[in-house]
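Protein chains in written order, with the numbering used here: chain A, 2 to 84; chain B, 2 to 84; chain C, 985 to 1337; chain D, 985 to 1337; chain E, 7 to 254; chain F, 7 to 254; chain G, 28 to 202; chain H, 28 to 202. Glycine residues also receive a C-beta, built at the ideal position from the N, C-alpha and C atoms. Shown next, in structure tokens, is the structure this report addresses.
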Ligand SMILES: Cc1ncc(C[n+]2csc(CCOP(=O)(O)OP(=O)(O)O)c2C)c(N)n1
Ligand SMILES: Cc1ncc(C[n+]2csc(CCOP(=O)(O)OP(=O)(O)O)c2C)c(N)n1
Ligand code: SF4
Ligand code: SF4
Ligand code: SF4
Ligand code: SF4
């Protein structure tokens, strides 16, 4: 298969914050990417979700400060943030 | 007959001004009366025009200064003024 | 029953609505139905109901749509051009199955036309002046007393079938005064309104009022549901007054004010030895087809008389489907067909072989 | 004749209007006819004509009323709910006898409904969705080529009779592409427009465009004049396509996209040994009643197929007036009657005694 | 002796059907005088509203188009777009313009449609027998506010000139009155300017004229003028709302 | 660890059907968050417009009524007059509110109707594929202004907040944007205040939200935010237009 | 069955005259209908109303053959005279209808109603005076019923005028 | 007569694929019709179009029995597979339609079109690749006509892409 399928992906850092992406809701609009002060949100080029989009996700999770900017900017309520 | 019929009544003063009332157009609203600076416009109680109104007319024509206020105020274009 | 009071048709409509429990009225002034608004304006403020003069007929019908969504008994009222402006809202209301009462006191048209009585909005109201497949229940009173009774009934029908109901009158009916006798208490049947959008209060999932169905199969299913409902209305609610039809030579079909003229014609014709029957549809939709089955064989045929160029006559023809001749006589422009003219035509028909 | 070009139905309507000399278009966006506006917006700015997006359908039809008063060829275009909003303006225009072309690319309703094709606005457009006694000339094309030809014709008819003309299409006709072949020059007949309100220039007494006649006799005279005109249109402009009807077992009546499905059914039925005829009304008003006289005796009867709950079928019944059975098959919600379903019904009819 | 005042040429001979003392008549005359003075009768097309003046096409001698209730600005738009070199004006009451026709006037204004609107504000629906208009004053008794207009129930009177002045396409808006000779003279100036704005192709122009409705106000014509001065003009201040410094 | 951000309860589970990056989604969420925070979901009835958000009744979990194009304020009026103790809001696009629905919004405002309007201004008709809206900017290319909006042909963009602020019944009007975290926070505050104004029965409240339409603007979602900031916000200045000093 | 057309200028109280008759008829237990002309022409134009008082069910409220006509201006007489049934009755104001009916098969009465009403200080009473004559000639309702009608038709604030109205009625009745 | 349904997600260029086929057919002198699905569901939903290429007059533009199906996502195959005529042809993208057709009476072809298109640097070319296969299998139009179609359907600003599009077509034709 060329692409992975979308899923609910939780990124966890025990001390800091936890973000969860409901990937099948994501439309790959990238708005979450620009607002992340830590620049750790990226588009997962190798994943294709149910809707046919490449969803966003987080790399270098340990840098996340749980500011929830990504979630506030996301037009599709993809992201849940815990801290 | 109780009332006279309305007609075209011209009031004339050779030196000063001339006002003509097309009495059948008059609705007896009296707006011309108040604006006349000389207070010479009156309602002719003894005349009943085609529409069933008592029309306005002028008394003491010699006092008329031809200011045309009555005509400007008249909503029914009853009055013509010459000077 | 109380005593007989002399009242104007329009005011009786308003009073009847109040008696039927209507506490919300949204309208926009237009002759010849303004007295409804005037009456409502006064009474609603006195009893704490809502009278609101909308900025237009378009707004008025949509306010009605909103109030009906909230489950209250609600009415609007207008006349021909105003009813044209309400067509979109009426189509929405029919689709969303909202109970409401719409009064149309018809004036002569088309265009700005005149303000005298007419029946030229039959097609608009009965066939559907708005877009899409829908039906309104259309009641056509012919007297002030009936304006009262049918207005009360209109609210019951609206609730029973979750459907807009129209009172179709003409300018004379709205303007005339006759004696009316009010009941002490009205037979109010309130439908189940658990579909209403009143705020769910945390007690149920959200209610939605809507008229859009993007999936064609879902919309078609909704369409079929509406058609089923209409069938039920047809079966249960069809009404007509039948006068003098058994053994009649000629049957005249007329509604509203015109039917009253025909009642005079019946007497005149009797003097000439002609028996004239009258079928007066009280529900214009559903149209009382069955009555026509019964009298289809009347010897000298049918005469439809309308204040229009010929609109209801199509439903008469459809009902008879070729089983008898159907003549038409119409007046327009605010003129009412005269006793004499109708009598002349009836006489000619009776004379014919 | 030029070469065949692949074009979308909606765009062909716009192009045809331009070729017919229309330089004024007022509209408001609505699916599925938006391409008309898009095409007009571009072309009018290029050629110095007027494309104006109105603030609403209500405003659009009244802008058309204004421009038509000035004597220019003018068009507007919309779809079902938008046409409902235009009803008052349409009634005014019909009364004031203003030539104009109104395009209705019908979508499924009622209410907001859906945007897929439908024919459920037949009553609204053909019987009169607006108030008063009036008629619109209603043309129902069935192919992209015909959209072109009938649009040009619509402008001529509008001018010839000083009457609004409606092009009634459905969503599929507007959205589909087919080859179209344009004439090098259009047969433009411009009516005499000395009634137009263009400023009298001191050369004549003032012209007035109006639709109000307060005196009932004057209004009735105007009504009768309109009815006379309608009679003339009926006599001269009724059109239908008749396919395979001579010797047919069953005749199907359908217009627009549905008629095309029926053409496929004709072939399918032939294979089963059933001869199916098609009457495709091209003018929905005036309805081609005479054609039905000719074929009233078809052995197995008539089947009317529509994308509606049954609207044109009333006109079919009126045309036949009981002379033959008239069956009905309808789909709603944006669904199109299928070849198979129509074939099944035709087969049943052919089988019946 | 010369004629110093007579019925203008741009009015026909037909007598007005308005009630005694109704200032619609004055306003008609002023419009006609301006048409005469600008010598544009032959180039002008007027649009009649639905309201007491529904048939003023019988009074104005230029070409006239009767419009549906509230739609005069749309009709005028169609006319003007078809006849860009002609002068197009609408004459509308406050029910017509400020209620049912709100969208049409707002959009004609914002489009900068090159038309002129004469907006006659008499704080009531005259034609249909005295219903509350959007412009009726707080406390005003009408057939549909029988206990007086109450803001909580009926909302606040719309100030149309102020509202339209917020729109870029509107280049000249003035509110005037015809309650006195002085104001009549001013009103005529404003109307003339409004037409001149159109003649110069500058954009949308409107004159709001405070007017009386003795019949439905239930007052004598003279009292009505007082009421206009004392109550209406207070809520609807006279003045230029757009284009103060406009030179035409 | 506690949840610091999740989908609000006042939204259902149904995924939005909007285009990628369309800020309608953000605005929906803000409205829902406010409903949650004020704990009024059960007392609220929302009115959906005709536009891309025609079916947001599927997304908001309070009771919802779908209205005809432009008529949401009238529908809301009917609802509120029938349910004076409930909270009623409309959610409308700029085609819906500023074009076809002009009369309804003006009159809801002037009546001081106790409803709250969320007015989403994206300077275009989204749903019907990118036609010019009354709010489209000068020069903006749309499917019906293919060579750019020109004032002489198409008129000027309507500033709705400024216009409605002239009406007495409108007690709170603010224009906000959702182009940045900072502005999203402000937008939410404004929406909350607008609902509070209604809860206190003060009159009509409206929040105009500048929003994007990446699809019909023909830009990426990120670029769209830039365009909003650089072009829209300049023509439509953010800020409070009515009720600056209002305490709720 | 009485079929009465009352006609005159707008503003003369024509419609109220009809209402008074209808209310009186109802008070006597008859069936009644009252149908006004209506419309923008009320403004300074003509006004008329159709009143039917009957013991049978009333068919059409529109009168094509009145058996009584009460007129308060010349155009009204000109318009309706020929419609009146043979032996019908016409009551008119002598000042307002100077040219008398041509038909000889009618009973017609001309009263100086306006003059008398002016004299009484209530020009609006002219109509009541004409009604008085009509009632006296036809006996359609009693003056008691008319008084009752005044009470139901007039707004309470005008009830103080009733004694004077009754005087006007009597003047007409005994003219 | 070829009756082709092309179906996939909105945004994949489904409608343009259909237009290219129709334009090609017209260029070869056939009668053609092209009917799109349309509506708000375009936004991220599914899209399809019906294309008929025929030498006879085209009756209904709506296809109830396609003899060819070109699919670019799984739901489309699921929806339309059963409608296809016996011996019909199905062309699909292997990455987007992982579960293959169940019917054995059809000729079905699965191509790595998306993969190849990505490789070519134009993800949008996937459709053209599928069309290439379809054309090769049916011979309905020539590649010359397809090139002509590109010229009429693409806006002039995109004509520079035509050589690459033709390469994509050839890849599909010869796959
Ligand atoms: C669609 C429609 N609605 C209502 C009416 C009835 N109508 C006629 S005039 C009028 C109001 C006129 O008031 P205004 O505009 O203030 O003018 P005025 O009569 O006071 O001069 C109304 C509501 C109509 N003719 N058409
Ligand atoms: C009466 C009517 N006219 C037109 C339409 C078509 N229509 C649907 S949405 C829309 C415009 C939506 O634009 P906007 O309000 O700006 O909202 P957006 O889609 O941008 O969110 C139009 C014109 C309709 N449904 N009904
Ligand atoms: S903002 Fe939301 S929808 Fe957009 S890419 Fe990020 S997670 Fe996906
Ligand atoms: S102002 Fe005119 S209408 Fe009024 S009383 Fe004087 S002359 Fe007569
Ligand atoms: S009703 Fe009022 S506005 Fe109309 S003509 Fe009479 S006074 Fe003038
Ligand atoms: S078309 Fe525009 S407004 Fe509509 S959902 Fe897409 S981006 Fe949003």
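task: Flag residue 56(F) as yes when its Cβ comes closer than 7 Å to any non-hydrogen atom of ligand 2, and as no otherwise.
output: yes
- prompt: From residue 1205(D) to residue 1096(C), what distance separates their C-alpha atoms?
  reply: Straight across, the Cα-Cα distance linking residue 1205(D) with residue 1096(C) is about 15 Å.
field: Chain-ordered chain D contacts of residue 89(E) [CB-CB under 8 Å]
entry: 1054, 1182 and 1183
Delimiting residues of the alpha helix (DSSP H) encompassing residue 113(F): For residue 113(F), the uninterrupted alpha helix (DSSP H) run begins and ends at 108 to 116, by DSSP.
Near-chain F residues of the stretch 105 to 129 of chain E (beta-carbon distance less than 8 Å), N- to C-terminal order: 105, 106, 107, 108, 109, 112, 113, 116, 117, 118 and 119
query: Using 8 Å as the limit for Cβ to Cβ distance, is residue 29(E) near chain B?
result: yes
- prompt: Quick one, which of 202(F), 61(F) and 38(F) has its alpha-carbon nearest residue 1192(C)'s?
  reply: 61(F)
query: What did DSSP end up calling residue 76(H) once you bin it into helix, strand or coil?
result: strand
query: Should residue 1077(D) be labelled buried (16 or more other beta-carbon atoms within 10 Å of its own) or exposed?
result: buried
message: Please tell me whether residue 49(E) has its Cβ less than 8 Å away from any Cβ of chain D.
response: yes
- prompt: Given a limit of 9 Å on CB to CB distance, which residues of the stretch 34 to 66 of chain E reach chain C?
  reply: 56 and 60
message: Is it buried or exposed, residue 1208(C), if we count other Cβ atoms within 10 angstroms and call 16 or more buried?
response: exposed
- prompt: Would a C-beta distance cut-off of 8 Å place residue 1081(C) and residue 1147(C) closer than the cut-off?
  reply: yes
query: Taking the beta strand (DSSP E) that residue 122(F) falls in, what are its first and last residues?
result: 122 to 127
- request: Could you check the C-alpha separation between residue 116(H) and residue 4(A) for me, to the nearest Å?
  value: 26 Å
- request: Write down the C-beta distance between residue 92(E) and residue 51(E) rounded to the nearest angstrom, noting that I regard them as a contact closer than 8 Å.
  value: Between residue 92(E) and residue 51(E), the beta carbon gap of about 6 Å places them in contact (Cβ cut-off 8 Å).
field: Coil, strand or helix - residue 59(B) by DSSP
entry: Reduced to three states, the DSSP call for residue 59(B) is strand.
- prompt: Does the stretch 1104 to 1122 of chain D touch the stretch 1043 to 1061 of chain D, meaning 3 or more C-beta pairs lie closer than 8 Å?
  reply: no
Where the beta strand (DSSP E) containing residue 1021(C) begins and where it ends: Segment 1018 to 1031 is the alpha helix (DSSP H) holding residue 1021(C); no beta strand (DSSP E) there.
- request: Round the Cβ separation of residue 1063(C) and residue 1011(C) to the nearest angstrom and send it over; I've been treating them as touching at under 8 Å.
  value: Not really, about 11 Å apart at Cβ, beyond 8 Å.
message: Here's the rule I'm using: 16 or more other beta-carbon atoms within 10 Å means buried, otherwise exposed. How should residue 19(A) be labelled?
response: buried
- prompt: Between the beta-carbon of residue 126(F) and the beta-carbon of residue 203(F), is there less than 8 Å?
  reply: no
Cutoff 7 Å; reference residue 1195(C); Cβ partners in own chain excluding five residues on either side: 1076, 1079 and 1080
task: With a floor of 3 residues, list each beta strand (DSSP E) that falls wholly inside the stretch 1202 to 1243 of chain C, ordered by position along the chain.
output: 1224 to 1227 and 1234 to 1237
message: ligand 1 and residue 212(E): does the residue's C-beta get closer than 7 Å to at least one heavy atom of that ligand?
response: Closer than 7 Å to some heavy atom of ligand 1: that does not describe the Cβ of residue 212(E).
message: Would residue 182(F) and residue 193(F) be called neighbours here (beta carbons separated by less than 8 Å)?
response: yes
task: In angstroms with no decimal places, state the Cα-to-Cα distance between residue 39(G) and residue 1004(C).
output: Answer to the nearest angstrom: the Cα atoms are 38 Å apart.
- request: Please confirm whether any heavy atom of ligand 8 lies closer than 7 Å to the CB of residue 1019(C).
  value: Within the structure as shown, ligand 8 is missing, the only ligands being ligand 1, ligand 2, ligand 3, ligand 4, ligand 5 and ligand 6.
- prompt: Hey, quick one: how far does the beta strand (DSSP E) through residue 208(H) stretch, first residue to last?
  reply: Only positions 28 to 202 of chain H appear in this structure, which leaves residue 208(H) out of reach.
message: Out of 42(H), 30(H) and 46(H), which one is the CA nearest neighbour of residue 174(H)?
response: 46(H)
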